[in-house]
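Following: one structure in structure tokens, then a few remarks.
Residue numbers (this note's numbering): 362 to 604.
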């Protein structure tokens, strides 16, 4: 288990790092198993957030009214990250958003990271849902405000420590930091990383079936989803969330 790392999570206006925006960042630094520093902030979007996003996150336009703009928040968050290894649940999603925002300001965000979703999918093969909520329930991890960035980041840190406790000795490779791709925001991929690869027909079919089973409306064009975005959408549907 890493002695030093930074767990983080972002709340966004949608699934696309290219067209959607970050509205909240929550992060914590862990040294020797203890939280030693925190980063918690709203980010003011260029347009009002939708009712759907408010339903999922609890973040309202009123809460964002006096938030700092991204040109101040993103550089501050990059400074906060420093040289720490990043940990996140579905890390390519969060990393991709921050990386794309950093790129807008000519800033580099080259990091190493560990994805707790990737670990969970490996050690819990065949499990219906490896969403953060489902795993917190499985391991009795209390997340007092799910879908708020800092609380999800804290829950992810606890999940990482729990998974490492049970599985690191058996599958140590899963707990080694991997270089995050600069070009795509994915783990261990090159310029044509998984975040840029179209969703597979199997993923699209699964999303369609889940939408019917869960009686929810998918507002995105699933034919334009990437593999990474499709994975995130599937996790939300399995957790019973409106995507």
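Note that the Cβ used here is the ideal one computed from N, Cα and C, for glycine as well.
- prompt: What three-state label does DSSP hand residue 540 in the structure shown?
  reply: Counting from 1 along the chain shown, the entry for residue 540 is found at position 179. The answer is strand: DSSP assigns residue 540 an E or B state.
Own chain, CB closer than 8 Å to residue 596, minus 5 neighbours either side, in chain order: By 1-based counting over the chain shown, the position of residue 596 is 235. Correct list, in chain order: 451, 478, 490, 491 and 492.
field: contact_flag[the stretch 504 to 523, the stretch 386 to 395] where n(CB pairs < 8 Å) is 3 or more
entry: Counting Cβ pairs under 8 Å, three or more are found: they touch.
message: Between the stretch 465 to 473 and the stretch 426 to 446, can you find at least three pairs of beta-carbon atoms closer than 8 Å?
response: Proximity of the stretch 426 to 446 to the stretch 465 to 473 meets the contact definition, three or more beta-carbon pairs being nearer than 8 Å.
Whole-angstrom distance between residue 409 and residue 424, CA atom to CA atom: Residue numbering aside, residue 424 sits at position 63 when the chain shown is read from its first letter. Residue numbering aside, residue 409 sits at position 48 when the chain shown is read from its first letter. Separation of residue 424 and residue 409 (C-alpha to C-alpha, rounded to the nearest whole angstrom) is 11 Å.
query: Which residue from 568, 462, 532 and 413 puts its Cα closest to that of residue 480?
result: Taking the chain shown and counting its residues from 1, one reaches residue 480 at position 119. Taking each of 568, 462, 532 and 413 in turn and checking the Cα distance to residue 480, the smallest one comes out for 532.
task: Look at the alpha carbon of residue 453 and the alpha carbon of residue 476, and state the distance between them as a whole number of angstroms.
output: Position 92 of the chain shown, counted from the start, is the residue given in the question as residue 453. Position 115 of the chain shown, counted from the start, is the residue given in the question as residue 476. Counting only the Cα atoms, residue 476 lies some 8 Å from residue 453.
task: State the start and end residues of the unbroken alpha helix (DSSP H) segment that holds residue 363.
output: As a working note, residue 363 is residue 2 in the chain shown. No alpha helix (DSSP H) contains residue 363, which DSSP labels as neither H nor E.
message: Under 7 Å: does the beta carbon of residue 403 sit that close to some heavy atom of the ligand PLP?
response: Annotation note on the ligand PLP: not contained in the displayed structure, which lists no ligands.
query: If residue 474 and residue 456 are in contact, beta carbons under 8 Å, what's the gap, nearest whole angstrom?
result: For the purposes of this step, residue 474 is taken as residue 113 along the chain shown, with counting starting at 1. For the purposes of this step, residue 456 is taken as residue 95 along the chain shown, with counting starting at 1. About 7 Å; that satisfies the 8 Å criterion.
task: List the DSSP bridge partners of residue 474.
output: Reading the chain shown from its first residue, position 113 is the one you call residue 474. In the DSSP output, where bridge partners are listed per residue, residue 474 has 447 and 539.
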